[in-house]
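The opening residue of the sequence shown carries number 11 in the working numbering; numbering runs sequentially from there.
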Amino acid sequence: MLHKIIESVKERFGNRLLILGHHYQCEDVIAHADLIGDSFQLSKIAAERSVSSCSDRGSELEVIIFCGVHFMAETADILANSPLNISKRSGRRVDVVLPDLLAGCSMADMADYESVLSCWEQLSAAVDIDEIIPVTYVNSSAELKSFCGERGGISCTSGNAEAVLEWALSRGRRVLFFPDQHLGRNTAIKMGISMTEIADWHCKEAELGGNNVDVIRRSKILLWDGFCCVHQRFLPEHIDEIRDIIPDVRVIVHPECKREVVIKADESGSTAYILRRIMESPAGSSWAVGTEGRFVDRIAKQNRDKLVVNLAFQPSYCSTMGLITLENLADALVKIENGNLSNVIRVEEKVAQSALIALQRMLENV
Ligand code: SF4
11 MLHKIIESVK ERFGNRLLIL GHHYQCEDVI AHADLIGDSF QLSKIAAERS VSSCSDRGSE
71 LEVIIFCGVH FMAETADILA NSPLNISKRS GRRVDVVLPD LLAGCSMADM ADYESVLSCW
131 EQLSAAVDID EIIPVTYVNS SAELKSFCGE RGGISCTSGN AEAVLEWALS RGRRVLFFPD
191 QHLGRNTAIK MGISMTEIAD WHCKEAELGG NNVDVIRRSK ILLWDGFCCV HQRFLPEHID
251 EIRDIIPDVR VIVHPECKRE VVIKADESGS TAYILRRIME SPAGSSWAVG TEGRFVDRIA
311 KQNRDKLVVN LAFQPSYCST MGLITLENLA DALVKIENGN LSNVIRVEEK VAQSALIALQ
371 RMLENV
C-alpha cells in the first residue's frame with residue numbers, strides 16, 4: 011500500500027520531485043530513490059539537477075526529499091539554493107525535506123559551534139591563529155562549515171580528505187580538523203605526518219584541549235575528538251577472526267574506523283571507493299567490509315558471484331539513518347501533494363553563504 015502511494019505521487023510530480031537515498035538507508039526506502047550515493051555526491055548532483063531543467067517550465071525541480079540525515083539535507087539546501095542557482099531559477103528556491111527531523115548524526119553532534127569557537131580562541135592565545143586552517147568533514151553542521159568558510163577553511167569528504175589536507179597545509183602551518191578524529195588521523199598518517207605532529211584536542215578538557223603549548227606549537231594536525239559510533243565498533247580482533255574463517259578474504263574498511271583497524275585491514279577508503287573496489291573485483295573473490303551494515307548487505311546482494319560479508323559478526327547499523335522509513339517517506343510525499351510541506355530543512359541565509367564558501371573551496375581546489 012505505502013509503495014503504491016509513493017510511486018503514484020512520484021509519477022504525478024515527475025521531474026518536479028527528486029528522492030535521494032544515502033547508501034546507509036534501508037532497502038524499502040532505497041527502492042524509491044531516484045539517486046543513490048554518499049552524502050556529498052547526492053547533494054552535488056541535486057544542486058546540478060535543480061538548475062538543469064530551468065528552461066523547461068512545468069518540469070523544474072521543486073522539492074528534494076533527502077533520505078539520509080540532517081547535515082546532508084543542510085548541504086543539499088546550501089548547494090541547491092546557492093545565490094547563483096537561485097538566480098538561474100529566477101529567484102525560486104528548491105525545498106529540501108528530511109522525512110524525520112530526528113535523523114541526525116551523533117558524530118556531527120560531537121562538535122558544536124560554541125565548543126569549536128572556544129577552541130579557536132584558546133588556540134589564538136597560544137599560537138598565531140593565521141597559521142591555522144580549519145577543516146571540517148562534511149559530516150558536520152552548516153554552522154561549522156560557515157565557521158570554516160569565514161576563516162579561510164574548507165570542507166572535506168572521506169574521498170578527498172588527503173587532497174584537502176594537502177591544500178590546507180600549503181596555506182598554513184597547521185590544521186584544526188573536526189569532528190572525526192579517525193578520518194583526520196588515518197589521513198594524516200597516510201600523508202607521512204608523524205604521530206608527534208598530531209595532537210588530540212579533547213573538547214571537554216578545560217585548557218588547550220588537554221595539551222600544553224609545546225604540543226600545540228609542534229603540531230601539524232589538531233584533531234577534534236569526535237567519532238562515528240557505527241565505525242568505531244570495528245576492532246582489530248574482528249579482522250583476526252574473519253581471517254581465521256575465510257583465509258583468502260580481503261578486508262576493506264572505511265577511514266572512520268580506528269587507526270588500529272585501518273592498519274590491520276588490507277585497504278581503506280570512502281563509501282564510493284569500497285563500492286567500486288568490490289563491484290570491480292573478479293568473481294569468486296572474498297571481502298569482509300568494515301562499514302555500515304545496510305550498505306554491506308546491499309553490496310553482498312549486488313555481488314552474488316563474490317563472497318561479501320560484514321567484518322564483524324554483529325553488523326553495525328546506523329540507528330539515525332534507520333529513522334527514515336517507508337511510512338515517513340510516504341507521509342512526506344502525501345504532504346507535498348496536499349501543499350502541506352513539512353520537515354523542510356532551510357539553512358539560515360548568512361550561515362549558508364559562509365558554508366558555501368567552504369564547500370566551494372573543496373569543489374574548486376581538490
Ligand atoms: S554512520 Fe556515523 S557518521 Fe554516518 S550518519 Fe551514522 S553516526 Fe553519522
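Beta carbons are placed, not taken as given, at the ideal position from N, Cα and C, and that holds for glycine.
Original post:
Tell me the DSSP bridge mates of Ser278?
Top reply: According to the DSSP secondary-structure assignment, Ser278 is paired through a beta bridge with Val263.
Original post:
Quick one: is the Cβ of Ala121 within less than 7 Å of any heavy atom of the ligand SF4?
Top reply: No, the ligand SF4 has no heavy atom inside 7 Å of this Cβ.
Original post:
Is it a yes or a no for the stretch 201-210 touching the stretch 267-287, going by three-plus beta-carbon pairs under 8 Å?
Top reply: Because the criterion of three Cβ pairs below 8 Å is not met, the stretch 201-210 and the stretch 267-287 do not touch.
**OP:** Check whether the Cβ atoms of Met331 and Ile164 sit closer than 8 Å, and answer yes or no.
**Re:** A distance of 8 Å or more separates the beta carbons of Met331 and Ile164.
**OP:** Using the DSSP secondary-structure output, state which residues sit across from Gly47 in a beta bridge.
**Re:** Per DSSP, His32.
Subject >> Closest Cα partner of Val354 within the set Asp250, Ala83, Leu52 >> reply: Residue Ala83 is the option with its Cα nearest to Val354.
Original post:
For Glu374, is the classification buried or exposed, using 16 other Cβ atoms within 10 angstroms of its Cβ as the cut-off for buried?
Top reply: An exposed status is given to Glu374, since fewer than 16 other beta-carbon atoms sit within 10 Å of its beta-carbon.
Original post:
Nearest CA to the CA of Glu70: which residue from Leu351, Glu358, Val145, Asn25?
Top reply: Closest by C-alpha distance to Glu70, out of Leu351, Glu358, Val145, Asn25, is Asn25.
Original post:
By how many angstroms is the C-alpha of Ser180 removed from the C-alpha of His33?
Top reply: If I take the Cα positions, the gap works out to 33 Å.
**OP:** State yes or no: is the C-beta of Ala362 within less than 8 Å of the C-beta of Cys158?
**Re:** In terms of Cβ geometry, Ala362 and Cys158 do not form a close pair [threshold 8 Å].
Subject >> the ligand SF4 site residues, beta-carbon cut 7 Å against heavy atoms >> reply: For the ligand SF4, residues qualifying as neighbours are Tyr34, Val79, Cys115, Ser116, Met117, Ala118, Asn149, Cys238, Cys239, Val240, His241, Glu266, Glu302, Cys328, Thr330, Met331, where qualification means a beta carbon closer than 7 Å to at least one of its heavy atoms (chain order).
**OP:** Go ahead and pull the three-state DSSP assignment for Val126.
**Re:** It is helical.
Original post:
DSSP three-state call for Val319: helix, strand or coil?
Top reply: Strand at Val319.
Subject >> Backbone secondary structure at Asp224 - three-state DSSP >> reply: Helix.
Original post:
Which ranges would you report for the beta strand (DSSP E) in the stretch 134-200 if only whole runs of at least 3 residues count?
Top reply: Under the rule that a run must span 3 or more residues, the beta strand (DSSP E) segments found entirely inside the stretch 134-200 read 142-147, 164-166, 184-188.
Subject >> Whole-number beta carbon distance between Ala90 and Ser60, since they are thought to touch under 8 Å >> reply: Their Cβ separation, rounded to whole angstroms, is 4 Å, which keeps Ser60 and Ala90 in contact under 8 Å.
Original post:
In angstroms, rounded to a whole number, what distance separates the CA positions of Thr85 and Glu58?
Top reply: Annotation: Thr85 to Glu58 spans about 13 Å, alpha carbon to alpha carbon.
Original post:
Does the stretch 289-298 come close enough to the stretch 319-333 to have 3 or more Cβ pairs within less than 8 Å?
Top reply: Yes: the two stretches touch, three or more of their Cβ pairs being nearer than 8 Å.
Original post:
What is the rounded straight-line gap between the Cα of Pro93 and the Cα of Arg260?
Top reply: Approximately 46 Å between the Cα atoms of the pair.
**OP:** Taking Gly169 and Ile143 to be in contact with their CB atoms under 8 Å, please state how far apart those CB atoms are, rounded to whole angstroms.
**Re:** Going by Cβ atoms, the distance from Gly169 to Ile143 rounds to 19 Å, so no, they are not a contact pair.
**OP:** Using the Cα positions of Val104 and Ile74, report the straight-line distance between them to the nearest angstrom.
**Re:** Those two C-alpha atoms are separated by around 7 Å.
Original post:
How big is the Cα-Cα spacing for Ala43 and Thr301?
Top reply: Each residue's CA atom was taken as its position, placing Ala43 and Thr301 some 21 Å apart.
**OP:** Using the DSSP secondary-structure output, state which residues sit across from Leu232 in a beta bridge.
**Re:** Leu232 pairs with Leu186, Ala209.
Original post:
Between which two residues does the beta strand (DSSP E) containing Gly303 stretch?
Top reply: Judged by DSSP secondary structure, Gly303 falls outside any beta strand (DSSP E) and instead within the alpha helix (DSSP H) spanning 303-312.
**OP:** Return helix, strand or coil for Ser378, following the three-state DSSP convention.
**Re:** Nothing about residue 378 can be reported from this structure: the residues present for the chain run from 11 to 376 only.
Subject >> Straight-line Cα distance separating Val344 from Leu186 >> reply: C-alpha separation (whole angstroms): 44 Å.
**OP:** Would you please state the rounded distance, in angstroms, between the beta carbons of Ala293 and Asp315? I believe it to be under 8 Å.
**Re:** Contact holds; Cβ gap of about 4 Å.
Original post:
What number of angstroms, rounded off, separates the C-alpha of Asp224 from the C-alpha of Ile231?
Top reply: Cα to Cα, the separation comes out at about 14 Å.
Subject >> Whole-number beta carbon distance between Leu154 and Val126, since they are thought to touch under 8 Å >> reply: Right, the Cβ-Cβ distance comes to about 6 Å (below 8 Å), so this counts as a contact.
Original post:
Quick one, are the C-beta atoms of His192 and Lys274 less than 8 Å apart?
Top reply: Contact flag unset, no.
Original post:
If you measure from the CB of Lys360, is any heavy atom of the ligand HEM nearer than 7 Å?
Top reply: This structure simply doesn't include the ligand HEM; it includes the ligand SF4 instead.
**OP:** Drop a sphere of 10 angstroms on the beta-carbon of Gln324, count the other beta-carbons inside from all chains shown, and report buried for 16 or more, exposed for fewer.
**Re:** Taking all protein chains shown into account, Gln324 has fewer than 16 neighbouring C-beta atoms within 10 Å of its C-beta and is therefore exposed.
Original post:
Taking contact to mean at least 3 C-beta pairs separated by less than 8 Å, is the stretch 126-135 in contact with the stretch 242-256?
Top reply: In this structure the stretch 126-135 does not lie against the stretch 242-256, because fewer than three pairs of beta carbons, one per stretch, are closer than 8 Å.
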